[in-house]
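Enquirer: For reference, the structure I am asking about is given below.
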Amino acid sequence: MSAKYYPSLEEQLLERGLPVEGIKAKLRLQHIETPSWGYGNSGTRFKTFPGAGAARNIEEKLQDAGYVHRLTGVAGSVAIHIPWDKTDDWAALKEYAHAQGVRLGAVNPNLFQDEQYKLGSITNASSAMRENALEHIVECCEIMRKVDSSLLSLWFADGTNYAGQDSITQRKRRAFDALAQAYKELPANGRMLIEYKFFEPAFYHTDFADWGMSYATALKLGPQAGVLVDTGHHAQGTNIAHIVAFLLDEGRLGGFHFNARRYADDDLIVGSVNPQELFEIFVELVESGERAQNVAYMIDQAFYLENKIEGMVMSVLNCQAAYAKALIVNYDRLHALQAAGDIMGAHQELMTAFQTDVRPLLAQVRVEMGLHPDPIQALREGDYIRRTEEVRGKAGGEGGGFPG
Ligand code: PSV
Ligand code: MN
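In my numbering, the protein residues as written are 1 to 404.
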């Protein structure tokens with residue numbers, strides 16, 4: 001029996017009529033934002049194990065992000081969380097980021113750690129506390145102007161633990177009133193991304209529990225508002241690619257927080273649990289073409305045990321692989337098979353791309369970008385991590401952290 005011949009990636013792409021150079025050009029332009037909080041210490045509600053070499057302040061987080069970008073070539077911006085990353089001199093911080101080869105990206109107000117937000121931030125029954133929450137969001141809009149960021153990323157831990165604890169309807173209205181005020185404060189090119197999460201820390205109801213609540217709110221607010229899909233914030237079995245397709249088609253997909261979950265918001269490395277789900281999401285993005293052009297791609301992860309920098313590089317690489325696989329789907333052929341009602345043919349067209357080993361393609365792209373073809377190998381052979389461990393030691397919890 002003769003062994004089956006498996007063609008090389010080039011041969012496969014050629015055979016499938018796909019333009020290799022065009023695909024490589026798209027891969028070079030991919031952009032994934034990393035979160036400042038992923039570089040500092042964080043833990044679970046049970047324990048934070050201080051990581052050797054973890055960043056202790058925003059400058060060190062930016063150094064690490066700069067290194068991740070130098071290795072991967074596609075992670076040129078960093079999301080910041082306020083007040084964790086607050087500084088008196090935003091111009092200097094912006095410059096510092098540039099010196100590390102990155103820019104400051106999405107601004108994330110922290111509306112969940114202050115004592116006063118125990119019963120909610122913009123949904124709180126107390127108007128004084130709602131005012132404070134709004135003031136903090138407005139402060140973040142000002143920071144956006146100072147650091148040239150166009151993204152305000154909003155996540156609310158707001159919710160209740162027991163039936164009857166507060167009026168769900170009143171909370172919904174309070175939230176909208178505050179967001180309508182905040183919307184007016186966005187910079188002219190600014191966008192408000194509204195994240196949702198179906199539970200935790202609240203366990204009876206969460207005020208922004210699913211994409212529909214974020215979407216309805218964004219629609220009422222106006223065109224500068226969109227939905228932020230955190231891949232870890234869904235119930236078991238939810239088809240996230242479907243949500244993505246719907247929001248893209250409605251022009252309201254604001255962006256992503258990438259991570260992976262096995263049970264609930266576990267903040268594992270994106271693509272580590274269900275790479276096919278990530279691929280399916282990227283297929284929807286590639287298929288939607290122009291409509292995906294303003295989508296913000298951000299990682300939202302906290303590495304409790306693993307090395308944070310290696311975890312972040314791995315996360316970026318997994319997003320690249322999912323995108324590369326989505327790019328090598330032959331969409332013309334897929335559409336023809338769909339139109340013919342060929343269920344298995346269409347499915348196989350997708351799965352062939354998913355099962356293709358895109359590592360050689362990505363390695364080529366990296367070499368053409370002047371990078372090491374294997375960023376993890378480069379990281380393991382380099383001495384960046386050892387040096388951070390030497391210089392920084394073990395930071396307490398002061399790196400600014402929270403289970404993402
Ligand atoms: C909440 O779980 C979340 O996903 C939000 O995006 C926060 O801003 C982030 O994690 C960090 O805690
Ligand atoms: Mn998130």
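In this text, a Cβ means the ideal position worked out from N, Cα and C, and glycines have one as well.
Since the model is a prediction, treat every value here as computed from it, not as a measurement.
1. Helix, strand or coil, according to DSSP, for Y263 in the structure here?
2. Output the distance between the C-alpha atoms of L253 and V78, rounded to the nearest integer angstrom.
3. State buried or exposed for Q320, treating a residue as buried only when at least 16 other CB atoms are found within 10 Å of its CB.
4. Considering only residues of the same chain and omitting the five flanking positions on each side of L62, which have a CB-CB separation below 7 Å?
5. Which of helix, strand or coil does DSSP assign to A79?
6. According to DSSP, Y297 sits in a beta bridge with which residue or residues?
7. For N318, name the three-state secondary structure that DSSP assigns.
8. So if DSSP puts R191 in a beta bridge, which residue, or which two residues, is it bridged to?
9. Are the beta-carbon atoms of L104 and H136 separated by less than 8 Å?
10. Using the DSSP secondary-structure output, state which residues sit across from T217 in a beta bridge.
11. Suppose contacts are defined by Cβ-Cβ distances below 8 Å. Is S121 in contact with A106 by that definition?
12. Looking only at its chain, what residues have a beta carbon closer than 6 Å to the beta carbon of V316, apart from the 5 residues adjacent to it on each side?
13. As an exercise, report each continuous alpha helix (DSSP H) stretch of at least 4 residues that is fully enclosed by the stretch 16 to 94, in chain order.
14. According to DSSP, simplified to helix, strand and coil, what is V391?
15. Do the stretch 8 to 15 and the stretch 27 to 41 touch if we need at least three Cβ pairs shorter than 8 Å?
16. Taking all protein chains shown into account, decide if M192 is buried (16 or more other Cβ within 10 angstroms of its Cβ) or exposed.
17. Could you check which residue in E310, E195, L219 has the C-alpha nearest to that of H257?
18. If I follow the unbroken beta strand (DSSP E) through D230, where does it start and stop?
19. Rounded to the nearest angstrom, what separates D114 and L278 at their Cα positions?
Expert: According to the structure shown:
1. In the sequence shown, the residue the question calls residue 263 occupies position 263. Coil, per DSSP.
2. Numbered from 1 along the sequence shown, position 253 holds the residue referred to as residue 253. Numbered from 1 along the sequence shown, position 78 holds the residue referred to as residue 78. Answer to the nearest angstrom: the Cα atoms are 20 Å apart.
3. Here residue 320 refers to the residue found at position 320 when the sequence shown is read from its first residue. Q320 should be labelled buried.
4. Numbered from 1 along the sequence shown, position 62 holds the residue referred to as residue 62. So the qualifying residues of the chain are V78, Y96, A97, Q100, V102.
5. Taking the sequence shown and counting its residues from 1, one reaches residue 79 at position 79. Three-state DSSP puts A79 in a strand.
6. On the sequence shown, position 297 is the one that residue 297 refers to. F256.
7. For this step, residue 318 is matched to residue 318 along the sequence shown. N318 falls in the helix class under three-state DSSP.
8. The sequence position of residue 191 within the sequence shown is 191, counting from 1. In DSSP, R191 forms a bridge with L151.
9. Walking along the sequence shown from the start, residue 104 turns up at place 104. Walking along the sequence shown from the start, residue 136 turns up at place 136. No, these two residues do not count as a Cβ contact at 8 Å.
10. As a working note, residue 217 is residue 217 in the sequence shown. Partner(s): none; T217 has no beta bridge.
11. Taking the sequence shown and counting its residues from 1, one reaches residue 121 at position 121. Taking the sequence shown and counting its residues from 1, one reaches residue 106 at position 106. The answer is no: Cβ separation not under 8 Å.
12. Your numbering for residue 316 matches position 316 in the sequence shown. Cβ within range, chain order: I32, T72, A75.
13. 20 to 28, 58 to 72
14. Your numbering for residue 391 matches position 391 in the sequence shown. The answer is helix: DSSP assigns V391 an H, G or I state.
15. no
16. Counting from one through the sequence shown, the residue named residue 192 turns up at place 192. When all chains shown are included, M192 counts as buried.
17. Counting from 1 along the sequence shown, the entry for residue 257 is found at position 257. When each option's Cα is compared against that of H257, the closest is E195.
18. Counting from 1 along the sequence shown, the entry for residue 230 is found at position 230. Where D230 is concerned, the enclosing beta strand (DSSP E) stretches over 225 to 230.
19. Here residue 114 refers to the residue found at position 114 of the sequence shown. Here residue 278 refers to the residue found at position 278 of the sequence shown. About 34 Å.
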